[in-house]
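All remarks here apply to the structure that follows.
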Amino acid sequence: MPPTPAAATSQGPAWDFSDVTHSDASLRRFLHGLPGVDQVGADARAASLGTRSIKTTAKAYALDLAIRMVDLTTLEGQDTHGKVRALAAKAMRPDPADPTCPATAAVCVYPDMVATAKDVLGDSGVNVAAVATAFPSGRAALDIKLADTRDAVEAGADEIDMVIDRGAFLSGRYLQVFEEIVAVKEACARPDGQSAHLKVIFETGELQTYDNVRRVSWLGMMAGAHFIKTSTGKVQPAATLPVTMVMLQAVRDFREATGQMVGVKPAGGIRTSKDAIKYLVVVNEVAGPDWLDPDWFRFGASTLLNELLMQRTKMTTGRYSGPDYFTLD
Amino acid sequence: MSRIDVRKTYKLFIGGAFPRSESGYSYAVNDTKGAFVANAALASRKDARDSVVAARKAFPGWAGKTAYNRAQILYRVAEVMEDRRPQFVQAVRQSEGLTAARAEKVLDEAIDRLVWYAGWADKLTQVIGNANPVAGPFFNLSTPEPTGVVAVLAPQESSLLGLVSAIAPVIVTGNTAVVVSSYDRPLPAVTFAEVLSTSDVPGGVVNILTGSAATIAPWLASHMDVNAIDLTGIAGDTELATSLEVAAADNLKRVRRAPAAEPDWSVDPGLDAMTAFVETKTVWHPIGS
């Protein structure tokens with residue numbers, strides 16, 4: 001159990017971390033007071049959960065669930081409107097040959113492509129997620145990051161994937177990171193009173209230790225993130241099973257302490273169906289079955305979807321499928 | 001004090017690596033007199049699946065090499081086989097029960113067969129390609145292109161000469177191969193895999209599975225990412241051959257049908273084994289003035 005902030009003893013419905021977050025010193029005290037992560041133990045636990053055998057009907061369920069959890073992503077400098085339209089069409093009907101195949105959760109694009117994606121997706125139920133705040137490095141002035149965010153929300157983005165300032169985090173300026181997340185969250189507000197969901201990308205490949213991953217997870221959740229996300233996909237290593245497990249422990253503990261649920265999104269490097277199923281096992285075992293839902297767990301991926309579709313086709317037809325039968329993207 | 005035997009358990013050859021079977025099973029291989037020789041990995045359908053993925057990945061690079069380069073690489077395989085003569089001779093003797101002199105002769109033929117196919121790499125196009133006469137101001141050129149990933153059920157009896165005669169014509173034209181070796185006589189195939197990995201053949205171009213063709217072949221025949229299948233290894237098993245041909249029809253695989261009995265591998269093989277796994281590409285090009 002993490003140390004409980006003083007306010008946690010009161011019975012208020014909303015959680016108040018103001019005594020923790022009112023100064024850099026108190027925030028640092030809180031984050032460094034979190035129990036350390038046993039790195040060898042975390043690696044071993046993640047590896048052992050990865051050996052679970054998921055077959056037949058459970059596998060069919062897992063594959064469909066994983067497809068529903070995919071944030072189909074294209075974040076390339078060479079992206080065109082045509083490519084984004086094709087990707088959005090694929091998100092709605094991943095396998096045109098099989099109407100029982102579910103749609104993906106969202107399409108993830110750069111802010112200038114949001115309108116294009118929204119145009120295709122309409123009210124299909126597939127969300128548009130936009131990366132913002134000077135993705136992927138996060139190296140820009142705050143007002144530029146906020147303008148970037150507002151621009152994406154205005155264009156119709158349902159979800160915003162922001163990056164934190166890793167430089168500030170690593171040099172211990174936690175309050176700066178915290179306030180930036182709070183400011184971006186405010187920028188996610190829409191005129192109709194609703195608000196785009198905020199996913200906070202930590203770029204765990206740059207954070208060096210699992211202790212840092214646990215700290216940054218709490219920092220992001222206290223700042224009001226709806227989702228905490230491992231990576232941009234532009235830095236190696238991207239998502240790994242142990243890192244995702246540490247983040248899942250954090251959201252579980254956060255709900256225990258505050259009653260609020262926060263989602264988790266590993267992104268980058270998840271390429272095979274087998275990998276995806278391993279993540280689902282870890283979600284179920286570490287955070288619990290409540291998180292086995294596209295509202296609370298997502299995969300940031302592009303090539304993974306075809307792999308899932310091939311496995312799904314193998315399950316339904318009884319023969320191995322091949323990449324020739326799915327779109328190249 | 002007598003020395004304790006080193007009892008060997010050989011592994012599969014997939015994507016240039018030597019993994020154990022995904023199933024974890026292996027089986028005992030005996031010589032023709034029934035004495036234990038070694039254990040071989042018993043490949044499962046998942047090993048076949050992994051092999052197809054490896055072969056597919058290797059295909060563009062292998063097909064994209066110049067024919068001359070493929071010839072050099074096949075010749076290199078023959079060279080390395082020559083270096084391993086004693087090991088091959090022993091494997092053939094144990095597997096086929098031949099005398100040393102007969103086994104030497106089989107090995108000679110296998111190496112010569114490889115050199116012979118290596119020579120065809122940059123000549124096949126000249127023989128079966130064509131500049132077609134057309135009624136217009138165009139060059140019209142037909143050339144053979146590799147079919148893709150080819151599943152090869154290697155002969156059950158001729159464990160080395162038959163194996164080489166089945167693999168070489170498939171890869172020389174630029175295809176990549178998933179090979180199921182002879183079940184009772186897998187050791188020459190295992191040694192051949194070691195030769196491939198130490199010559200210049202890129203990983204994944206040839207993948208060798210030791211195990212039962214009857215178990216693995218249905219998965220390869222129905223696999224949508226396999227472009228062709230050679231059924232030579234199940235010669236005489238009409239029932240299995242028919243069911244594999246039916247499964248292969250789903251994605252219009254090219255099928256080299258199973259013969260009624262295993263052919264005599266020592267005769268000149270002709271071009272059939274190569275032409276069975278190529279596609280004819282025809283290009284029209286304006287002549288200009």
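In the order they appear, the protein sequences are chains A and B. Take the first sequence: its letter number 91 is residue 91 in UniProt numbering, and every next letter is one higher. Take the second sequence: its letter number 63 is residue 63 in UniProt numbering, and every next letter is one higher. From the three backbone atoms N, C-alpha and C, an ideal C-beta is built for every residue, glycine too.
(request) Look at the alpha carbon of valine 246(A) and the alpha carbon of valine 213(A), and state the distance between them as a whole number of angstroms. (result) Taking the straight line from one Cα to the other gives about 7 angstroms.
(request) Please confirm if aspartate 47(B) has its CB atom under 8 angstroms from at least one CB of chain A. (result) Not one chain A Cβ lies under 8 angstroms of aspartate 47(B).
(request) Assign phenylalanine 202(A) to one of three DSSP states: helix, strand, or coil. (result) Shown here, phenylalanine 202(A) sits in coil according to DSSP, grouped into three states, outside any helix or strand.
(message) Would you say aspartate 98(A) lies against chain B (beta-carbon separation less than 8 angstroms)?
(response) False, the Cβ-Cβ gap to chain B never drops below 8 angstroms.
(request) Report the three-state DSSP secondary structure of tryptophan 296(A) (helix, strand or coil). (result) DSSP places tryptophan 296(A) in coil when its eight states are reduced to three.
(request) Let me know the secondary structure DSSP gives tryptophan 120(B) once reduced to three states. (result) Under the three-state reduction of DSSP output, tryptophan 120(B) falls in the helix class.
(message) With a threshold of 8 angstroms between beta-carbons, can aspartate 324(A) be considered close to chain B, or not?
(response) Interface residue, yes.
(message) Here's the rule: buried if 16 or more other CB atoms are within 10 angstroms of the residue's CB, otherwise exposed. What is valine 127(B)?
(response) Exposed, because fewer than 16 other Cβ atoms sit within 10 Å of the Cβ of valine 127(B).
(message) Does the CB of tyrosine 279(A) have a neighbour CB from chain B at under 8 angstroms?
(response) Not an interface residue.
(request) Output, in sequence order along the chain, the residues in the stretch 20–52 of chain B whose CB is closer than 9 angstroms to any CB in chain A. (result) So the list reads Arg45, Ala48, Arg49 and Val52, given in the order they occur along the chain.
(request) Could you tell me whether the Cβ atoms of lysine 199(A) and lysine 265(A) are closer together than 8 angstroms? (result) Against a cut-off of 8 angstroms, the Cβ pair of lysine 265(A) and lysine 199(A) comes out as a contact.
(message) At the 8 angstroms Cβ level, is tryptophan 62(B) part of the contact set with chain A, yes or no?
(response) For tryptophan 62(B), the closest Cβ of chain A is not nearer than 8 angstroms.
(message) Taking the straight line between their C-alpha atoms, what separation do you get for serine 181(B) and valine 190(B)?
(response) Cα to Cα, serine 181(B) sits roughly 9 angstroms from valine 190(B).
(message) Here's the rule I'm using: 16 or more other beta-carbon atoms within 10 Å means buried, otherwise exposed. How should aspartate 71(A) be labelled?
(response) Around the beta carbon of aspartate 71(A), a 10 Å sphere encloses 16 or more other beta carbons of the protein chains shown; the residue is thus reported as buried.
(request) Please list, in chain order, all residues of the same chain as residue 291(B) whose beta carbon is under 6 angstroms from its beta carbon, the five residues on each side excluded. (result) The structure shown does not extend to residue 291(B), since chain B is modelled only from 1 through 289, so no value can be given for it.
(request) Provide the residue span of the alpha helix (DSSP H) that contains glycine 82(A), from first to last. (result) For glycine 82(A), the enclosing alpha helix (DSSP H) starts and ends at 81–92.
(message) Residues of the stretch 210–239 of chain B in Cβ contact with chain A at a cutoff of 7 angstroms, in chain order, please.
(response) Taking a C-beta cut-off of 7 angstroms against chain A, the contacting residues of the stretch 210–239 of chain B are Trp219, Ser222, His223, Met224 and Asp225, listed in chain order.
(message) So with CB distances below 8 angstroms, who are the chain B contacts of arginine 319(A)?
(response) Residues of chain B passing the Cβ test: Trp219, Ser222, His223, Met224, Ala247 and Asp250.
(message) Could you check whether threonine 125(B) and threonine 143(B) sit closer than 8 angstroms to each other, using their CB atoms as the reference points?
(response) Threonine 125(B) sits close to threonine 143(B), with the two beta carbons spaced by under 8 angstroms.
(message) Please report the straight-line C-alpha distance between valine 216(A) and threonine 327(A), rounded to a whole angstrom.
(response) Answer to the nearest angstrom: the Cα atoms are 37 angstroms apart.
(request) Just the C-alpha distance for tyrosine 75(B) and leucine 114(B), rounded to the nearest angstrom, thanks. (result) Their Cα atoms are separated by approximately 7 angstroms.
(message) So, with DSSP's three-state summary, where would you put glutamate 180(A)?
(response) Glutamate 180(A): helix per DSSP, three-state reduction.
(request) Starting from tyrosine 27(B), trace the beta strand (DSSP E) both ways and give me its first and last residue. (result) Counted as a single uninterrupted DSSP element, the beta strand (DSSP E) harbouring tyrosine 27(B) occupies residues 26–30.
(message) By alpha-carbon positions, which one of Ser159(B), Pro188(B), Val53(B) and Phe139(B) ends up nearest to glycine 203(B)?
(response) With distances taken between Cα atoms, glycine 203(B) lies closest to Val53(B).
(request) Report buried or exposed for phenylalanine 169(A), applying the criterion of at least 16 other Cβ atoms within 10 angstroms of its Cβ. (result) Only buried fits phenylalanine 169(A), as 16 or more other CB atoms lie within 10 angstroms of its CB.
(message) Whether or not the stretch 304–324 of chain A and the stretch 16–33 of chain B are in contact is what I'm after, with contact meaning three or more pairs of Cβ atoms, one per stretch, closer than 8 angstroms; do they touch?
(response) Taking 8 angstroms as the limit for Cβ pairs, the verdict is that the stretch 304–324 of chain A does not touch the stretch 16–33 of chain B.
(request) For the stretch 258–289 of chain B, list the beta strand (DSSP E) runs that are entirely contained and at least 3 residues long, ordered along the chain. (result) Runs of the beta strand (DSSP E) inside the stretch 258–289 of chain B: 278–286.
(request) Could you check the C-alpha separation between glycine 259(A) and arginine 29(A) for me, to the nearest Å? (result) Distance from the CA atom of glycine 259(A) to the CA atom of arginine 29(A), rounded to whole angstroms, is 23 angstroms.
(request) Leaving aside the five residues before and after proline 5(A) along the sequence, list all residues of the same chain whose C-beta is less than 7 angstroms from its C-beta, in chain order. (result) The predicted position of proline 5(A) is uncertain, since its pLDDT is 49 and thus under 50; a value taken from the coordinates is nonetheless stated next. Phe17, Asp19, Val20 and Phe30.
(message) Tell me which residue opens and which closes the beta strand (DSSP E) that residue 336(A) is part of.
(response) Absent from the structure is residue 336(A), since the part of chain A shown begins at 1 and ends at 329.
(request) Use the C-beta contact count for alanine 160(A): other C-beta atoms within 10 angstroms, 16 or more gives buried, fewer gives exposed. (result) The displayed chain sequence assigns isoleucine, not alanine, to residue 160(A). Per the 10 Å Cβ criterion, buried.
(message) Going by beta-carbon coordinates alone, are valine 201(B) and isoleucine 73(B) separated by less than 8 angstroms?
(response) Yes, they are a contact pair.
(request) Report, in whole angstroms, the separation of the C-beta atoms of valine 282(A) and leucine 121(A), which I expect to be a contact under 8 angstroms. (result) 30 angstroms between Cβ atoms; not a contact.
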